[in-house]
Structure formats: structure tokens, C-alpha cells
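Written out below as C-alpha cells is the structure these notes cover.
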Amino acid sequence: MQRRHFLGSTFTAAAAEPQATTEPGRDFHAHGNVVIERAASGQPHKGKVLAAIQPHSDDLPIFAAGTIFKLLEEGYTGYLIRMTNDDMAGPGNVAETVAANKRDNDEVARIFGMKGVFDLNYGNHNMDAISPPELKCRLIFLFRLLKVDTVVCYDPWGHYEENPDHYVTAAGVEAAAWMAAGDKDYPEHFAAGLKPHAVREKYYFGRFQQRVNRVVDTARWVEKKIDVNLANKAQGPAGETGAKLKASLASQGLRLPLLEGDDLAASRNYIREFVMRRDREIGQAFGLEWAEQYHYIGPEPDRVREYVQRNAVKL
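With this note's numbering applied, the sequence shown corresponds to residues 3 to 317, in that order.
In C-alpha cells:
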């Protein structure tokens, strides 16, 4: 089952100026103006934990792989959380589809360099039937257990999202990230030795229109993003897609220079040209070569502490 229309992807770009700016007529004050996030030297995030959360095995590779590679390289310890068993998107019967997507998801995690993988195994396309408190409870448990500092996930406020798995996952993550810091929700967690833990940063991506206030320069990780997309053979940008197009054209007496070389080279070039066209267009809009875009929500500034530091005097 083909769930994506890669060539029809749309995005919101605020301006071509590659620094903090606003789009005319738009209010970005809720979570800040548009900021370009570039590669950092060293490992400034060492000791922090990233939860990369996707309903299906191909979501993060398509929309957020460059950012995930960047954050992990900068010191994060990563965990991959997949919400469904992907039983509605892939080859063969349902059992074969589930097994194929499980293999792909594990390979995606390996290529990313994740420390662990959690499969919640909900039914594909039917997450809107799940009890919201159940979903929140499972995610809160993981956020507290892993001490998650940052999440990458679908945008709970993205527009025109028709897949219930996407918007239900996003809403559950947003609520759980907030509730995980409380000291009264799910006291059985505390009896098991867990503690309240705040998720302080969120990178929310969307398939279609969304409010964008963070653009991540991903040029350094383009080839790695292609690698992780090649791992999705059961659905999405399957590794053999370029090879299939090449063979189809050959049967018609045609060829594309883009697809010259062996099947692997053809598939890599196909992903770079078509699957990642969105990244190229986002980047160009902000004066970058390749980029991914997000609604980013960071830690709230401690206004009281800042005021005290500026104004406190000795008794």
C-alpha cells in the first residue's frame, strides 16, 4: 500500500533570510520567530536523551532523519518508539507485512545508532480507537523510565493530516511530555522507582501546512538520510524504487541518466531527487542546500531567576 505521494509534498517557508525572522502577516510569538539551527561543534548535548517517535517505520526517515542524525552526533542518546505494528502497509499477507516492517524498523534504528527500540504494536490506521489515557500512560512511563529530554514527532497542530495514526500519536506525545513532569499522575510509576521527568524540547514535523519556527540545516547528513530511507523496503521509499523505475523504462526502450549505474546507485539517486525534494526546497527557501523544518518548542525561560540575577542586592 502506497501511503505517500512524494512529489506532491508541500511545506511552509517563512523567508529566504537565513536567520531569525518572521513571515509578513504571521504571528510566531507563541514559540519564537524562525531560527536556523546549524551543526554544533563537539557534543553539546552529551548526557541528554532523545525519543524519536513515529507511528510507522518510514515516518522519521522521510521527515526528520537529518535532524535525528545531527542530534545524535551532537551527544544525545537515542531511543526509537514505533506506535503501530505497520500491518496495513507492506508486501504479502498481514503477517508477512508485520514481519517485514519489524525488520525495517529495527534496521532504521541500527542505522540511526539508537540505543533501544520500543514497539507499542497498535493496529495500523486504527489508533483513533485507542483510549487516550492508555496511550498517555504508556508514553509517560517511557519518558520517565528513559529520562527523555527531547522528542521528535509529528506536529499535533499540523493541518490537513488525514492519517489517524499521525494525529493521535502527536496528541498523545504532546500530552504525555507535559504530564510526565507531574508528581501525582500515575503514582504506581513512583512506587516502581520512577520519578517525575520533564520533556523540555519538542521538534514537531508535519506532512503538510504547519507553523514553522525552526529550520535545521541537514546538508551534512544527506547521504545518511538516504541510507536510512533505503532501509524501508516494505513501504515508503523502498530501496528498490529507483531500480524498479529503471527496469520499467528499459522495457519501454527508455532510460534516465539519473538512474545510471547499478540498482543501488539508481535507488540512491531516486531518493535524493524525488523523496528528498522537499528538503531541497525548504533549504533553498532559507539560503541552505538541504533542510528540515519544525515547530520547535523549547524550555520556557525562568523569568523569576533572570530577574533575581539582574536585580537582587545584599541585605
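Positions of the beta carbon are idealized from the N, C-alpha and C atoms, including for glycine.
Here the alpha carbons of Arg280 and Asp187 stand approximately 40 Å from one another. Contact between Leu141 and Ala178 holds: their C-beta atoms lie close to 4 Å from each other, under 8 Å. In the three-state reduction of the DSSP assignment, Lys204 falls in the strand class, which pools E and B. The three-state secondary structure of Leu258, taken from DSSP, is coil. Contact between the region 78 to 98 and the region 118 to 128 is present: 3 or more CB-CB pairs across the two stretches fall below 8 Å. Look at Ile38 here: in three-state DSSP terms it is strand. Note on geometry: alpha-carbon atoms of Glu39 and Gln295 lie some 10 Å from one another.
Under the three-state reduction of DSSP, Gly94 is assigned to coil, being neither helix nor strand. Phe71 places its beta carbon 7 Å or farther from that of Trp292. Excluding residues up to 5 positions away in sequence, Ala172, Tyr206, Phe207, Gly208, Gln212, His297 lie with their Cβ nearer than 7 Å to the Cβ of Asp157 in the same chain. The beta carbons of Asp106 and Ser59 sit closer together than 7 Å. Taking each of Asp61, Asn313, Leu148 in turn and checking the Cα distance to Lys50, the smallest one comes out for Leu148.
At a Cβ-Cβ threshold of 7 Å, Arg146 and His199 count as neighbours. In the structure shown, Tyr156 adopts extended strand secondary structure according to DSSP, grouped into three states.
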